[in-house]
Amino acid sequence: MPLSEIQLKLIQESKGILVRNLHLTTEEAIEVISNAIKRELVVRKITMEVLEISSLSVRTSFVRAVVKNVQDQVMKNPKWKSNKCGKVH
1 MPLSEIQLKL IQESKGILVR NLHLTTEEAI EVISNAIKRE LVVRKITMEV
51 LEISSLSVRT SFVRAVVKNV QDQVMKNPKW KSNKCGKVH
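The opening position of the sequence shown corresponds to residue 1 in full-length UniProt numbering, with each subsequent residue numbered one higher.
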């Protein structure tokens, strides 16, 4: 499944935040983000290609769900858990 430049940029920036702020390794951050994306694609029964041509509201909802999933994964791991991880509003 090829990723667009925008998707790659978002993943890279997200990885950077996890590495800088929560001190995950690069590999851990990529794994957490990838798992969250894959999980949400399965839940919604769609592909990245379908998501890319979906409405803005669908894409926004997808991104919010992925962010929540990443947050949940981080909060479940005591090694990564931080007071900086607050609720997603």
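Glycine included, each C-beta is placed from N, C-alpha and C at the ideal position.
Status (buried if at least 16 other CB within 10 Å, exposed otherwise) for residue i
i	result
Leu24	buried
Glu5	exposed
Val66	buried
Ser57	exposed
Lys15	buried
Beta-carbon separation (whole angstroms), residue i vs residue j, contact threshold 8 Å
i	j	result
Ala36	Gln73	7 Å
Glu40	Asn69	6 Å
Ile11	Ile46	Actually they do not touch by this definition, with Cβ atoms about 18 Å apart.
Simplified DSSP state of residue i, which is helix, strand or coil
i	result
Ser61	helix
Ser4	coil
Ser14	helix
Lys9	helix
Ile33	helix
Leu56	helix
Thr25	coil
- Task: Count the C-beta pairs between the segment 50-58 and the segment 14-21 that are closer than 8 Å, then say yes if the count reaches three, no if not.
- Result: Contact between the segment 50-58 and the segment 14-21 is absent, because fewer than three Cβ pairs lie under 8 Å.
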